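**Q**
Number of protein chains: 4
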Amino acid sequence: MTELSVALIGGGFMGKAHSLAYALAPIADDLGVTLRREVLVDVTPESAAAAADQLGWNSSETDWRAVIARPDIDIVDICTPPDLHEDIALAAIEAGKHVFCEKPITNRSDQALRMAAKARAAGVVTQVGFNYRHTPAISFTKQLLENGKLGAPLQFRASYLQETSFNSDPDRWRARKSTGGSGTVGDIGSHVIDVAQWLFGDITRVTARLRAKAAGDLGWVTESERLDQDLIDDSGVWLAEFANGALGSFSVNSYASGRKNRFAFELDASKGAVEFNWNSREEFRVSYLDEPADHQGFRTVHTNGQHPNGWWRLAGLGTGYVEVSAIQFQEFVRAIVKGEPARPDFEDAARIQQIVEAVHESAVSGQWVDIPGGSR
Amino acid sequence: MTELSVALIGGGFMGKAHSLAYALAPIADDLGVTLRREVLVDVTPESAAAAADQLGWNSSETDWRAVIARPDIDIVDICTPPDLHEDIALAAIEAGKHVFCEKPITNRSDQALRMAAKARAAGVVTQVGFNYRHTPAISFTKQLLENGKLGAPLQFRASYLQETSFNSDPDRWRARKSTGGSGTVGDIGSHVIDVAQWLFGDITRVTARLRAKAAGDLGWVTESERLDQDLIDDSGVWLAEFANGALGSFSVNSYASGRKNRFAFELDASKGAVEFNWNSREEFRVSYLDEPADHQGFRTVHTNGQHPNGWWRLAGLGTGYVEVSAIQFQEFVRAIVKGEPARPDFEDAARIQQIVEAVHESAVSGQWVDIPGGSR
Amino acid sequence: MTELSVALIGGGFMGKAHSLAYALAPIADDLGVTLRREVLVDVTPESAAAAADQLGWNSSETDWRAVIARPDIDIVDICTPPDLHEDIALAAIEAGKHVFCEKPITNRSDQALRMAAKARAAGVVTQVGFNYRHTPAISFTKQLLENGKLGAPLQFRASYLQETSFNSDPDRWRARKSTGGSGTVGDIGSHVIDVAQWLFGDITRVTARLRAKAAGDLGWVTESERLDQDLIDDSGVWLAEFANGALGSFSVNSYASGRKNRFAFELDASKGAVEFNWNSREEFRVSYLDEPADHQGFRTVHTNGQHPNGWWRLAGLGTGYVEVSAIQFQEFVRAIVKGEPARPDFEDAARIQQIVEAVHESAVSGQWVDIPGGSR
Amino acid sequence: MTELSVALIGGGFMGKAHSLAYALAPIADDLGVTLRREVLVDVTPESAAAAADQLGWNSSETDWRAVIARPDIDIVDICTPPDLHEDIALAAIEAGKHVFCEKPITNRSDQALRMAAKARAAGVVTQVGFNYRHTPAISFTKQLLENGKLGAPLQFRASYLQETSFNSDPDRWRARKSTGGSGTVGDIGSHVIDVAQWLFGDITRVTARLRAKAAGDLGWVTESERLDQDLIDDSGVWLAEFANGALGSFSVNSYASGRKNRFAFELDASKGAVEFNWNSREEFRVSYLDEPADHQGFRTVHTNGQHPNGWWRLAGLGTGYVEVSAIQFQEFVRAIVKGEPARPDFEDAARIQQIVEAVHESAVSGQWVDIPGGSR
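Sequences listed follow chains A, B, C and D, in order.
Per my numbering, the very first residue in the first sequence carries number 1; after that it's consecutive.
Per my numbering, the very first residue in the second sequence carries number 377; after that it's consecutive.
Per my numbering, the very first residue in the third sequence carries number 753; after that it's consecutive.
Per my numbering, the very first residue in the fourth sequence carries number 1129; after that it's consecutive.
Here you go:
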């Protein structure tokens, strides 16, 4: 394998983010293969051509089925709205392509499980755009948990907060469940769930409460009003039990003033603790128990070439959104080259979607809901 | 009323903290009355005399019943272990004294409710040592919520984390429920519940999970093992619904490496948001929606004389633990002088204890548990 | 010695701060002696009586000379405007009293040196109110420099910023050199100089630039205009050489928007580095060279009972302005009890004033100015 | 003009950084022209070919003179060691190419001034790699100073700290002045000077002290020892006067433990203040005077599409080193397309080099040194 040709389906915001990341990934590190940004697919010839031109793709098309059928295409990257994900992914898998799909891979876990099963059967490499876990500080945390340096998992606290829903059109498709809106749990909460499971292992049970915003300067509507009015969840809180006994506490809110895009977590383990905030993503913050009493506390380490996926010898140069996205594609390409599974793959994404649905189910029933299946 | 004489029952750590606070309170501001640190009661004549001498009290005694009976005593301040609180408080109330009691006022809400009822009937002023709420940044947040500047409550996220249980004697009385240990929910979680209700109104329902630490470098024992082994909860997570529909998410852990004493919360409301961390308690951090798009974000305000309970014209001089404790006694004394209820009083504390118990009950049953009673 | 009686001269802001600190100091720790707040002296009988009553002093007087003459007074604490410091201090020294004097002890180093010489000759203990150095995080830094843990001093960067001059009366006495105004270098810069020398050793040379604010929304007037108009310095920057070869960079400004009271420094040494900010004074922040490459960075340690002058076993309880002031008086009283010099004493203060004057001289001459005298 | 072809001279660390930035720049925004990464020049055919392949250039060469002579090349980007900059730049200018040159453009201001004059005469666009100023938070600060929102400049405090010199080879060429080492003032201090002048206007005078590190765990050697031993400056502090009367204070150190790459500044002006730290470069922090007294303080704004050069509608996505470098090339290309000067150009860089040399001169003479020339 000397070359991998990519077809990008969807030239919107996420298509742009992926294009930037593909441009960086092979320059930043030798991936052992040439990555060709071959064709961008969008709805109309004009939009496709304009996007391909602006985003640096060799050609443009409008028929994703025809593109997937092309033998010169190795990777299909899906950046469309979620309701198209399944069709495109299954077609690509069937054609033997490796598939990168933005999250959520679908809003229904049964679809997601089917997609994961098909991909496994076909032997193609899949990956889903839970980009945050590829941050070097998080990868390093994973290493420290795996090699025992942090001890046994005890408690995980996380939140993902935005203020995007203020001043947004209440009639946008994203605001309605029936038109494909994922809600805060599915949209941003899924990132938190991904990282939680990546670091602490399987979540086995959840209990939850969800809310949607009432019109005007008022508070929330109740869960039953929310469902009656076909509203997505704007706010959610849930508890989780992990398979290893650790406890988790999670919060999401898209009506959080001043929170532009704050994904943050804290984890406590039996030998140390870590905290992370995407808004200072270059900082790995860790505390260890085995320090002298007068020197105990959190240390702030700027991630660098001595940490997983760090690109530069000089820490503090700085890692941005595009760079972390590029790391995600480096991981994907390396997995293809090695013939190994990439992570998080469709199977991981299906489990995340199961948890999202369990959160929704619990919000209605008021009961703890078990997550079926188990650790891979 | 020109003078108030205080009897302090208990000369340990908390007795020292109160003594320091009493020393500051009347100097920092004119309370309209002279505060006399009259008598300190402790277990033996020697310990009582030594403590009175060191902590600046005029005299010492060993018999709290006799002291309470003295007509010259106006205030009884209870700093004993929790299992003595009810007896002392009821005796003091019966004698017509105003009572300040450290938290938890008891580990049983039925006792607490009884104490609250007796105090109300007797017309004495009571206050309980939930000191954090008296921090100027929190008092200011309360003002902004009350005057509508922040809009309607939406979400409240809070945690109280310590690492005190590492290296502690597993056989200490505090570590066993049967010997009076309150556990993390009752001990530190109660502070969080107090502030949550003070700011967002009544909590009406909770669901929870609790854990205790297994011996050695291992994870948690399950809830049933915990209860079987007569262990207090070392870790807890719970969700809450507020009467106004807002959601809450809470976490406590006494096995949180690097967290010396971290009490922190974030609240989102429909016009703005506030965050607070006791470890930077002089900072009031607020975001408002109605800012120009290029200037939105959290601002950090150093509290000062222009905020409630600020002592100094010059912000940034700095507020410590003792100063906040002194503010708490200023509030107590002012309430006595005015003949008004102090807050948080026995009634508030009883409700907090009800919530603590609901958290424990839910951790066993796996069900949401309603909190009886309602807003005052 | 079983008792020390204090006479406080001056019942204003600083008299209040000292009163609060005296109230705390002997309760927080056993000082080996009883501290009596005996008499408060102020200008009129009414102001003196009111201050004594509010601030907790046993009696009040208006004639400081008479009070100093009283044999029952052991300590004279001077909180008057600076132009009275010399007279009061010399009288107290002559009467054999120990003297605590607020900073600046004078605005003239020749006076200060004379005062230091008299105190040394009389064998009394003196201390000056450079309170910041008593912060536990700074005391711990001093220890680490002395025991070699941080290696050799390399660079010291410090600033003290306030916004107090905005909206202040331009005709207040503090704003004019001729009416006793110390300017930012003498008033707040002196704190920075004190800590710099305490940690890094003697400053031997300085070069400087100073400015005063022009009226209205304009910039600075030049140094010559400033002196012509009898203005104090509102802004200053200076460089320093330390006796050990280290370099220093210093800035002060009283027109720094948003800076309520920000005293901060960073120091680099050959084995590690420390940074400190009074606005988060409970945090000791240190970096060491000898850490693994993937764990290098600053750690944040909450100071506590395991650090010098920490009062509590539980770090993170919090240290405020009054508590640090109380530590300062604990140090003073302990020195008197032991019969040892306190620090910073009149000699230290005189050297600081020499440096302040060298900064002023350099701002006029444009030359580096040597500081006479040397290390003690 | 529809296409601009770039020749990159030098395929090392900086060549890689530029390659990544060129890959991003035209995708992130429509620059009105196609940017071709045409040819990479390096020392040997092998190194050039390998670098071109890895870094995404169409071809490779070893003879920069031949490449500059090619009519299809529009832009020459110089990433070689500094001693080659002048020859390459002058050849490129003579050939009518636009020139991007890494900093320092030279270590001698006379050369730099000559290069600037030639470029001006030739009418080509030049830009120098002072990348930090292109950070959106800094560009926004520039806007606010220009439109009067912040008022008149008062004080500028800045430092650039690294720990790169610990464990470095003392015999590397960068460590000796005679072998082309720029020292901390020229290497990292120049970035600080660039931003200071960009925001506050011309620096007119400086006074300085410099030091080099002695061998082993010792302190500094003196300035005269440093020059005798042909050492570059490892540490420097200097004061500056700006043309508008503002004061500046600057520090650099490459022996600052824990400082991976910390470029930070604070500025005070008559209506507000701003602070910036590259390690949290997405945060614009500002304080304004005209706020209510109980809401004064610094606010933290995450930069986004509503700020200059922000790429994304969603603030908090995050801006990294490569993204800021890409903004720098966007600015360069836009200037070429518009036929306007880019900033900072060779003229700006020459003035920065004059200031660097004035700092060195002052460190020897002990005198304030005037910077010749003036504002553009």
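We put the CB at the ideal spot given by N, CA and C, even for glycine.
Small disclaimer: the values here were computed from a predicted structure and weren't measured.
Against chain B, which members of the segment 1414-1437 of chain D pass a CB distance test of less than 7 Å?
**A** Here the close residues are 1421, 1422, 1423, 1424, 1425, 1426, 1427, 1428, 1429, 1430, 1434 and 1435.
**Q** Alpha carbon to alpha carbon, how far is residue 908 of chain C from residue 1033 of chain C? Give it in angstroms, no decimals.
**A** 18 Å
**Q** Assuming residue 88 of chain A and residue 9 of chain A make a contact with CB atoms under 8 Å, what is their CB distance in whole Å?
**A** 6 Å
**Q** Tell me whether the beta-carbon of residue 1110 of chain C lies closer than 9 Å to the beta-carbon of residue 1122 of chain C.
**A** yes
**Q** Where does residue 988 of chain C fall in DSSP's three states?
**A** Strand at residue 988 of chain C.
**Q** Should the segment 22-42 of chain A be regarded as contacting the segment 1151-1163 of chain D, the criterion being three or more beta carbon pairs within less than 8 Å?
**A** yes
**Q** Rounded to whole angstroms, what's the CA-CA distance from residue 1491 of chain D to residue 822 of chain C? Just pull it up for me.
**A** 56 Å
**Q** Roughly how many angstroms lie between the CA atoms of residue 1496 of chain D and residue 135 of chain A, to the nearest whole one?
**A** 47 Å
**Q** Does chain D have any CB closer than 9 Å to the CB of residue 758 of chain B?
**A** Any property of residue 758 of chain B remains undetermined from this structure, which presents chain B solely from 377 to 752.
**Q** So for residue 631 of chain B, helix, strand or coil by DSSP?
**A** coil
**Q** Going by DSSP, name the residue or residues bridged to residue 1241 of chain D.
**A** For residue 1241 of chain D, which the question treats as bridged, DSSP gives no partner whatsoever.
**Q** Taking only beta carbons into account, state which residues of the segment 265-277 of chain A come closer than 7 Å to chain B, listed in chain order.
**A** 268, 270, 271, 272 and 273
**Q** Whose C-alpha, out of A:354, A:147, A:344 and A:355, is nearest the C-alpha of residue 133 of chain A?
**A** Measuring from the Cα of residue 133 of chain A, the nearest candidate turns out to be A:344.
**Q** From which residue to which residue does the beta strand (DSSP E) around residue 531 of chain B run?
**A** 529-537
**Q** So that I know if they touch, is there some Cβ in chain B lying closer than 9 Å to that of residue 760 of chain C?
**A** no
**Q** Determine whether the Cβ of residue 1182 of chain D lies closer than 9 Å to any Cβ atom of chain A.
**A** yes
**Q** Please determine, among C:1031, C:872, C:807 and C:758, the residue with the shortest C-alpha to C-alpha distance to residue 816 of chain C.
**A** C:758
**Q** Between residue 620 of chain B and residue 236 of chain A, is the Cβ-Cβ spacing less than 9 Å?
**A** no
**Q** From what residue to what residue does the alpha helix (DSSP H) around residue 461 of chain B run?
**A** Boundaries of the alpha helix (DSSP H) around residue 461 of chain B: 461-470.
**Q** Per the contact definition of three or more C-beta pairs closer than 8 Å, is the segment 1061-1078 of chain C in contact with the segment 637-657 of chain B?
**A** Result yes; three or more Cβ-Cβ pairs closer than 8 Å.
**Q** Given that a residue counts as buried once 16 or more other Cβ atoms are within 10 Å of its Cβ, and exposed if not, what is residue 549 of chain B?
**A** It counts as exposed.
**Q** Mind checking if residue 479 of chain B is an interface residue toward chain C, Cβ cutoff 9 Å exclusive?
**A** no
**Q** Going by the beta-carbon positions, is the gap between residue 1139 of chain D and residue 1229 of chain D smaller than 9 Å?
**A** no
**Q** Taking only three categories from DSSP, how would you classify residue 1350 of chain D?
**A** coil
**Q** If I follow the unbroken beta strand (DSSP E) through residue 1319 of chain D, where does it start and stop?
**A** Not the beta strand (DSSP E): residue 1319 of chain D falls in the alpha helix (DSSP H), residues 1318-1328.
**Q** Chain C beta carbons: is any one of them nearer than 9 Å to that of residue 697 of chain B?
**A** yes
**Q** Where are the alpha helix (DSSP H) runs, 4 residues long or more, that stay fully inside the segment 1056-1112 of chain C, in chain order?
**A** The segment 1056-1112 of chain C contains these whole alpha helix (DSSP H) runs: 1073-1090.
**Q** Write down the C-beta distance between residue 105 of chain A and residue 128 of chain A rounded to the nearest angstrom, noting that I regard them as a contact closer than 8 Å.
**A** 5 Å
**Q** Strictly below 8 Å CB to CB, what residues from chain C border residue 403 of chain B?
**A** 768, 771, 772, 775, 806, 807 and 808
**Q** So that I know if they touch, is there some Cβ in chain B lying closer than 9 Å to that of residue 782 of chain C?
**A** yes
**Q** So, using beta-carbon positions, are residue 507 of chain B and residue 628 of chain B closer together than 9 Å?
**A** Going by beta carbons, residue 507 of chain B and residue 628 of chain B fall outside the 9 Å limit.
**Q** Under a CB-based cut-off of 9 Å, is residue 1132 of chain D close to chain A?
**A** no
**Q** For residue 1235 of chain D, which option in D:1412, D:1267 and D:1310 has the closest C-alpha, if you only look at C-alpha atoms?
**A** D:1310
**Q** Among D:1479, D:1335, D:1288 and D:1468, which one has its Cα closest to the Cα of residue 1393 of chain D?
**A** For residue 1393 of chain D, the closest alpha carbon among the candidates D:1479, D:1335, D:1288 and D:1468 is that of D:1288.
**Q** How would you write the range of the beta strand (DSSP E) that residue 415 of chain B sits in, first residue to last?
**A** Where residue 415 of chain B is concerned, the enclosing beta strand (DSSP E) starts and stops at 410-417.
**Q** Does the distance from the C-beta atom of residue 1500 of chain D to that of residue 1482 of chain D stay below 9 Å?
**A** In this structure, residue 1500 of chain D sits near residue 1482 of chain D, with a CB-CB distance shorter than 9 Å.
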